[in-house]
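The structure appears below as structure tokens.
2 protein chains.
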Amino acid sequence: MTFPALTDLPEWKRFVLVAQACAPREDGLDLIEAPGLTLDSSGQRHSAELLAAGEALLAARQFSTQRARLFAGEPVNTTEHRAAWHTALRALRSPEGVLSERERMDAFVRKADAERRWRHIVHIGIGGSDWGVRLAVSAFGYAGTWREVRSVANIDGHAIEGGLAGLDPRHTLVVLVSKSFTTAETLQNGARAREWLQAAGLDPAAHMVAVTAKPERARAWGIPDEQIFHLWDWVGGRFSVWSAVSLTTALSVGADVLAGLRMGAAAMDEHFLHAPLSVNAPVRMALAGVVNRSILGHGSLNIAPYDSRLANLVPYVQQLDMESLGKSVDLAGRPVGVPTGPAVWGMPGTDAQHTFFQWMHQGSDGAPVDFIVCRQADHHWPTHHRQLLANCLAQREALMRGKTLDQARAECLAEGLDAAQADALAPHRVHPGGRANHLVVLPRLSPYSLGALLALYEHRVFTQGLIWGIDPFDQWGVEYGKVLARDIVGELQGDTAQPVHDVSTRHWITELKR
Amino acid sequence: MTFPALTDLPEWKRFVLVAQACAPREDGLDLIEAPGLTLDSSGQRHSAELLAAGEALLAARQFSTQRARLFAGEPVNTTEHRAAWHTALRALRSPEGVLSERERMDAFVRKADAERRWRHIVHIGIGGSDWGVRLAVSAFGYAGTWREVRSVANIDGHAIEGGLAGLDPRHTLVVLVSKSFTTAETLQNGARAREWLQAAGLDPAAHMVAVTAKPERARAWGIPDEQIFHLWDWVGGRFSVWSAVSLTTALSVGADVLAGLRMGAAAMDEHFLHAPLSVNAPVRMALAGVVNRSILGHGSLNIAPYDSRLANLVPYVQQLDMESLGKSVDLAGRPVGVPTGPAVWGMPGTDAQHTFFQWMHQGSDGAPVDFIVCRQADHHWPTHHRQLLANCLAQREALMRGKTLDQARAECLAEGLDAAQADALAPHRVHPGGRANHLVVLPRLSPYSLGALLALYEHRVFTQGLIWGIDPFDQWGVEYGKVLARDIVGELQGDTAQPVHDVSTRHWITELKR
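Going line by line, the protein sequences match chains F and D. This note's numbering puts the first residue of the first sequence at 262, with every later residue one more than the last. This note's numbering puts the first residue of the second sequence at 262, with every later residue one more than the last.
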């Protein structure tokens, strides 16, 4: 089979033409009621013709077949000949072993709760073994939890030093998470935690658990079998939040939070599988994402959760999106020919308004924004929540509507400036407007809604990868640096520096060796 | 005086031509020893001719004169007719009032320390009244501090709820920071904190201090005069870390940290003022920034501190850079004509390696990176630090050097793939290379070095603003959303929705009002 190049597809050429001809924004309401959330796409380019062209493009990419293969656990990770079957972890009918492993984890949590054990959890993992836990713990434990969680990811020794500082080792459980159980950061930090337990006269084996797809390695490292929870080869790191990787979440905010997350994600899976494409939330977001990136040329995507509990949604989506779509070669090994995944970044609004929204409004090009907000708060101060909602709507409106030179000049005059002053200042108060955005409204920040939101992003990313014709499930680009780092570690310890390094790298190896 | 448009300047045209002709990278070593840090620009386009063209461009923008005006406290904030005299806050000879106000703050801290008062500090401020404190406290208090600091910025009520949760009001000091003392977030959160103190039977006036340029407003709000610390009109929010805004930092990690930060920044000021342009670190970074953004078209800049203590450097620089340079109109009110400030984003390496470095290596366009690393760690695990340094150098080298198709194919064969398999996989393992970067090496993370680093970024931003011909000290783009938000707050409370809103905004106002 020859995989067709995107830019050769007549359906792509038509999609580009229609998108370019589509007005920046029509004053219409474009809502999708999906499980756990409402998606408002009114702030994106849209027309019946563009949607039809998008559907034709998806058909050319065999969307229905590929989506079915994803859910059937077929090897959709083409370059690695593997499944990416994270949906199985939250499905009503999970494959052999998933339910029993979940039950093992739940039993561990029930026992710990019954014994009121583990006042402190040190969660050691990085990337996909880290962000999901940070996200759920800050979302549902934002006002503190009985068990204090410290997340340690970085190889920088200050991270593990700060992670352990002040904790009572007798009451500390260390959770080591590494799919391969070879992750340098995690094993190094785990070794440091083990020393810390030993220095307190404790048996590390009694205070450590592991989550991994390589139980034999965890066993060799010293973790007893009954404290090793299993992953499967077909769960990618950035899709592993649905697995025992979230043990720390269960210990901190409750196993029912995990159950809720899974239910919300499973409901979004059903929506993605069965909703017509015109009202299929992940599909519509993906089409908008391709238009914004590959046709309109926006290099980045801003995530703006108007909820301070969702600060960690930003790095979570950043990893999901950028590790999946940060590739420029298609399945046949050719350059894709158009720009693929954008830089994903962001910060909770209203913090973002005081940090970089100046740039969003008046910078050279701004960025498309995903606004995310909860209709109902979980606190008791309606004034706060009203201001939060108003700020979210107002920033979005300002980005869409803009402000003309005439309006800016009239404002200046109304503030008492004379004509010459108004003429001078008005250009600085113009907003071009027409900035693209999505608005995602959750009824409230329940585990169900958050689970649905995460699955929405997963399937949006899958669909964009399919259109671009890339493998969203591999990550070949992260291997090269690891190999080089191993060499340089040796050279910093005294090995002869390899002549292959550039002058600057050689200089710093010599300097830092001292 | 008519302010010349950038694209009309012959010096600009020449700079563009020379930069375009400059090879991506020569294998040379390009180091600047600046106060508190070493800047390695080997990873940027560079030639003697490009530097000369850059110097000519700066001369055309009257760089020496404008730099002198900045340091003399002249109204360099053109659109607001104000000085931006933050350098005065750290100068050996500070203007009237600065030293006495600093002494007031120091006396407050000394007294609190002597009395062992205030176990908890709730710091309430947003944007420039927030990030500097978060940065310094996490940089120097990463392993915990005697006084626990909670930072509350967002208007989301969960932020203040989480900020106050579990604290003992009797031992809590609330620090309210707002230059104007009208910031909605800060006053609303301050009011909530005041209620919380009152509910505990305490006198809020005894537990709250304010930092503001409008002491009369703080007084009217209920803060006693002796607990109000002053800012000046000529200190912009994003440059206010050098003022009493950092009171919380002094209470948490010590007033000597602030003194060190100021000394480092002052030393960088001297460097910026007096070093020849060819070895002037902020100037060289600025020229590279303009090449990357306006000539090579990179839409974003990644900040990668290889130090987990510097996680908050990312939002700090993000605000400094994007609020300053997120403008597209020059001082004469004309479009600048080239892309200005990039999106600034990032994360500490090695977290970033496991989150989005895939995209940096193999995405469509990647982004220039500022790597920042400390030669010496403040912990006792050399293996950790060696791995950290090695990862920093390795990622940088991989981004610069890249990997060819032939190399990738040879690797695949060496791993045992057959020729057909190697041909299929090799394209997925190619790294284009040639990615631009700076490497900034601090001897260690001292207050002096961090202060120098912050001033380096300040002056880099100033210089880029000067070249582009924009006002880096205003922020007109943040006003519009505030006005709209005030209207929408009223409408959510029952006012008639203004017909000016788009259909979607009207829909959500109606929906969320319920």
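Using N, Cα and C, we set each Cβ at its ideal position, and we do this for glycine too. Model, not experiment: these values are computed from the prediction.
Does any CB atom of chain F fall closer than 7 Å to the CB of residue 560(D)? Yes, residue 560(D) counts as interfacial toward chain F.
Contact list for residue 446(D) against chain F, beta-carbon separation under 7 Å: For residue 446(D), the chain F residues whose C-beta falls within less than 7 Å of its own C-beta are 611, listed in chain order.
Three or more C-beta pairs under 8 Å: does that hold for the region 370-388 of chain D against the region 420-431 of chain D? With a cut-off of 8 Å, the region 420-431 of chain D and the region 370-388 of chain D count as touching, because enough Cβ pairs lie within range.
Taking the alpha carbon of residue 524(D) as the point to measure from, which residue in 590(D), 712(D), 595(D), 641(D) has its own alpha carbon closest? Of 590(D), 712(D), 595(D), 641(D), the smallest CA-CA separation from residue 524(D) is found for 712(D).
Min CB distance residue 475(D) to chain F below 7 Å: For residue 475(D), not one C-beta of chain F is nearer than 7 Å to its own C-beta.
Taking C-beta pairs closer than 7 Å, name the residues in chain F that residue 414(D) reaches, listed in chain order. In chain order: 612.
Min CB distance residue 698(F) to chain D below 7 Å: Taking Cβ atoms only, chain D never reaches closer than 7 Å to residue 698(F), which makes this a no.
For the alpha helix (DSSP H) containing residue 722(D), name the first residue and the last one. Judged by DSSP secondary structure, residue 722(D) falls within the alpha helix (DSSP H) whose first and last residues are 708-729.
Would a check of beta-carbon distances place residue 650(D) closer than 7 Å to chain F? Judged by the 7 Å Cβ criterion, residue 650(D) is in contact with chain F.
From residue 651(F) to residue 506(D), what distance separates their C-alpha atoms? Rounded to whole angstroms, residue 651(F) to residue 506(D) spans 28 Å at the Cα level.
Examine chain F for any beta-carbon lying closer than 7 Å to the beta-carbon of residue 387(D), and answer yes or no. Chain F, which has a Cβ nearer than 7 Å to the Cβ of residue 387(D), makes this yes.
From 548(D), 745(D), 490(D), 572(D), residue whose alpha carbon lies closest to that of residue 728(D): Among 548(D), 745(D), 490(D), 572(D), the Cα nearest to that of residue 728(D) belongs to 548(D).
Boundaries (first-last residue) of the beta strand (DSSP E) holding residue 338(D): For residue 338(D), no beta strand (DSSP E) segment is defined, and its DSSP state is neither H nor E.
Tell me, to the nearest whole angstrom, how far the beta carbon of residue 561(F) is from that of residue 604(D); I am working on the premise that it is less than 8 Å. Separation of the CB atoms of residue 561(F) and residue 604(D) is rounded to 5 Å, and the pair is thereby assigned contact status at 8 Å.
I want to see whether chain F comes within less than 7 Å of residue 459(D), judged by CB atoms only; does it? Interface residue (Cβ-Cβ distance to chain F less than 7 Å): residue 459(D) is not classified as such.
Between the C-alpha atoms of residue 563(F) and residue 441(F), what's the straight-line distance to the nearest angstrom? Counting only the Cα atoms, residue 441(F) lies some 32 Å from residue 563(F).
Closer than 7 Å to chain D by CB, residue 588(F): At least one chain D Cβ lies under 7 Å of residue 588(F).
Cβ closer than 8 Å: which chain D residues qualify as neighbours of residue 443(F)? Listed along the chain, the chain D residues whose CB falls inside 8 Å of the CB of residue 443(F) amount to none; the nearest CB is some 13 Å away.
Proximity to residue 593(D) [Cα-Cα], best of 643(D), 422(D), 730(D), 369(D): It is 730(D) whose Cα lies nearest to the Cα of residue 593(D).
Opening and closing residue of the alpha helix (DSSP H) in which residue 385(F) lies: Counting along the chain, no alpha helix (DSSP H) covers residue 385(F); the unbroken beta strand (DSSP E) around it starts and ends at 381-385.
Pick out the complete alpha helix (DSSP H) segments inside the region 430-505 of chain D, 4 residues or longer, and give them in chain order. Segments of the alpha helix (DSSP H) lying fully in the region 430-505 of chain D: 445-460, 476-482.
Kindly indicate which residue of 502(F), 601(F), 537(F) has the alpha-carbon position closest to the one of residue 346(F). Nearest option by C-alpha distance: 502(F).
Measuring only the C-alpha atoms, how far is residue 300(D) from residue 709(D)? Rounded to the nearest whole angstrom, the CA to CA distance from residue 300(D) to residue 709(D) is 16 Å.
Counting only beta-carbon atoms, is residue 583(F) nearer than 7 Å to chain D? Yes, residue 583(F) counts as interfacial toward chain D.
Helix, strand or coil: how does DSSP classify residue 514(D) here? Residue 514(D): helix per DSSP, three-state reduction.
Hey, residue 839(D) and residue 634(D): beta-carbon distance below 7 Å or not? No information on residue 839(D) is available, as it lies outside the stretch 262 to 775 that chain D covers here.
Assumed close pair residue 622(D), residue 738(F) - CB separation to whole angstroms, cut-off 8 Å: Right, their Cβ atoms sit about 4 Å apart.
Looking at the unbroken beta strand (DSSP E) that takes in residue 299(F), where does it start and where does it end? Residue 299(F): member of the beta strand (DSSP E) spanning 298-301, first to last residue.
Would residue 394(F) count as contacting chain D if we go by Cβ distances under 7 Å? Judged by the 7 Å Cβ criterion, residue 394(F) is not in contact with chain D.
Can you name the residues that DSSP bridges to residue 566(D)? 633(D).
Closest to residue 275(F) by CA distance: which of 750(F), 469(F), 655(F), 310(F) is it? Residue 310(F) is the option with its Cα nearest to residue 275(F).
When 461(D), 432(D), 473(D) are compared against residue 778(D), the one with the closest alpha-carbon: For residue 778(D) there is no data in the structure shown, the boundaries of chain D being 262 and 775.
Residue 421(F) by DSSP, collapsed to three states: which one? In the structure shown, residue 421(F) sits in a helix (DSSP, three-state: H, G or I).
Under 7 Å, Cβ to Cβ, is there at least one residue of chain D near residue 407(F)? Not an interface residue.
Quick check: residue 537(F) and residue 717(F), are their CB atoms within less than 7 Å of each other? No, Cβ-Cβ distance for residue 537(F) and residue 717(F) is not below 7 Å.
With 9 Å as the limit, tell me which residues of the region 676-691 of chain D have their beta carbon closer than that to any beta carbon of chain F; keep them in chain order. Listed by position, the residues of the region 676-691 of chain D near chain F (Cβ gap below 9 Å) are 684, 685, 686, 687, 688, 689, 690, 691.
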